[in-house]
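**Student:** In this note's numbering, the protein residues as written are 108 to 476.
Each residue gets a CB set at the ideal place from its N, CA and C atoms; glycine is no exception.
#1: When you compare the stretch 330-348 with the stretch 301-319, are there three or more beta-carbon pairs, one atom per stretch, that lie closer than 8 Å?
#2: Which residue's Cα is closest to the Cα of residue 183: 176, 118, 174, 205?
#3: Distance check for residue 209 and residue 216, CA to CA, integer angstroms please.
#4: So residue 269 and residue 252 are supposed to be a Cβ contact under 8 Å. How far apart are they, rounded?
#5: Could you pull out every residue in the same chain whose Cβ sits closer than 8 Å to the Cβ of residue 452, ignoring the five residues on either side in sequence?
#6: In the DSSP assignment, find the unbroken alpha helix (DSSP H) run with residue 325 in it and report its ends.
#7: CA-CA distance, residue 417 and residue 396?
#8: Does the contact criterion of 3 or more C-beta pairs under 8 Å hold for the stretch 218-230 versus the stretch 272-279?
#9: Any contact between the stretch 186-203 and the stretch 363-377? By contact I mean 3 or more CB pairs, one from each, below 8 Å.
#10: Just to confirm before moving on: does the CB-CB distance between residue 171 and residue 143 stay below 9 Å?
#11: For residue 365, write down the residues that DSSP places opposite it in a beta bridge.
#12: Cα separation between residue 375 and residue 282?
#13: Report yes if the C-beta distance between residue 399 and residue 459 is below 9 Å; otherwise report no.
#14: I'd like to check one pair, residue 178 with residue 132: are the Cβ atoms closer than 9 Å?
#15: Find the nearest neighbour of residue 116 within the set 141, 167, 109, judged by alpha-carbon distance.
#16: Would residue 337 and residue 289 qualify as a contact pair, given that the criterion is a beta-carbon distance under 9 Å?
#17: With respect to the alpha helix (DSSP H) encompassing residue 415, which residues constitute its N-terminal and C-terminal limits?
#18: Among the residues of its own chain, which have a CB less than 7 Å from the CB of residue 154, if the five just before and after it don't count?
#19: With DSSP as the reference, identify every bridge partner of residue 423, one or two as the case may be.
#20: Please confirm if the stretch 320-335 is in contact with the stretch 408-417, defined as three or more CB-CB distances below 8 Å between the two stretches.
#21: Between which two residues does the beta strand (DSSP E) harbouring residue 201 extend?
#22: Suppose you measure from the CA of residue 365 to the CA of residue 108; what does that come to, to the nearest Å?
#23: In three-state terms, what does DSSP make of residue 117?
#24: Extract the residue ranges of the alpha helix (DSSP H) inside the stretch 254-306, only unbroken runs of 4 or more that lie entirely within it.
#25: With the cut-off set at 9 Å, would you say residue 141 and residue 355 are in Cβ contact?
#26: Checking the sheet assignment: what are the DSSP bridge partners for residue 190?
#27: Whose C-alpha, out of 341, 325, 323, is nearest the C-alpha of residue 312?
#28: Rounded to a whole number of angstroms, what is the C-alpha to C-alpha distance between residue 201 and residue 381?
Right, here's the structure in full:
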């Protein structure tokens, strides 16, 4: 029986892709004959930087003697300690990569203004350079790399110098609450019975472009009486978004919901007439999958892995990143054309068949053995 130690930055009940993914693995792998244990970085997060990474390394090192491999859910916070422990103990490291941590932290903390495509090939500050070095070191030292999209496979091969035969694309699956909440019930529950609802969700970070989304939607929100935009999520740009909302006089039309529990977010997804995603970068968007599962039409940027989830014109509408005209036209069509919205809902449910749990688990187990 294969024994797998799952190293994750966050764990359930926290909200986030790694927490949800680790929870699924912890529940599903034992059903398929694989022993698992989840080791979360949360156990050491309260310690100072570097100290917590060393302590996490010790935890992985002690536990890994009783496992066949460690499956790390990121290349930095848990990836580097897991690589060091795996090398010492003589066990395999399988690495999950869902984005570019060095670029994300560079944008958030170290003044990087470039898009991800322009980020590489330039000189960067010392902290960003260290993060890049760690990403590349851990990815090259891993026995196998799992990515949830072909877009990310191209990134780690082309930009990180990883050999293509080490990388496997395994699409993530999704989880929806067990509740059978209908759209009308969700609207009633949230007090939105007589309103047109546009929803977006994600961390309030620059590449999600929520500020631009508000500006682009402003004339549509003013035009349609009773139309509302809800933004679910928290992050460093919250105060900036509040100022933009006040400046545009949209306090009644735009609501920042903050971080929501999964069941509450699901209620908003079910209630919404439209889900929009205006980011410049997506490795693999769980939010898009959940919107499809909620039978909510999607309008999203044609960036990163979005085109692998959304078939333009069938299961949703894609638009180029800075094409404000097409974005507004798409939103107008979907809030006024019920036949089109219904067609997208139906195709969206069919599209979900490519992301079912059994397919994901079967592909992953092949790599774990």
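**Tutor:** Considering the structure as presented:
#1: yes
#2: 205
#3: 10 Å
#4: Residue 269 to residue 252, Cβ: 6 Å. Contact.
#5: 402, 403, 404
#6: 317-330
#7: Roughly 9 Å between the two C-alpha positions.
#8: Flag = no, the stretch 218-230 and the stretch 272-279 do not touch.
#9: no
#10: no
#11: 339, 340
#12: When rounded, the distance between both Cα atoms is 16 Å.
#13: yes
#14: yes
#15: 167
#16: No, they are not a contact pair.
#17: Going by DSSP, residue 415 is part of the alpha helix (DSSP H) stretching over 413-416.
#18: Within its own chain, the residues whose Cβ lies closer than 7 Å to the Cβ of residue 154, once the five positions on either side in sequence are excluded, are 162, listed in chain order.
#19: 419
#20: No: fewer than three Cβ pairs fall under 8 Å.
#21: Note, residue 201: beta strand (DSSP E), 199-203.
#22: When rounded, the distance between both Cα atoms is 43 Å.
#23: coil
#24: 257-265, 290-297
#25: no
#26: According to DSSP, residue 190 bridges with nothing at all.
#27: 341
#28: 37 Å
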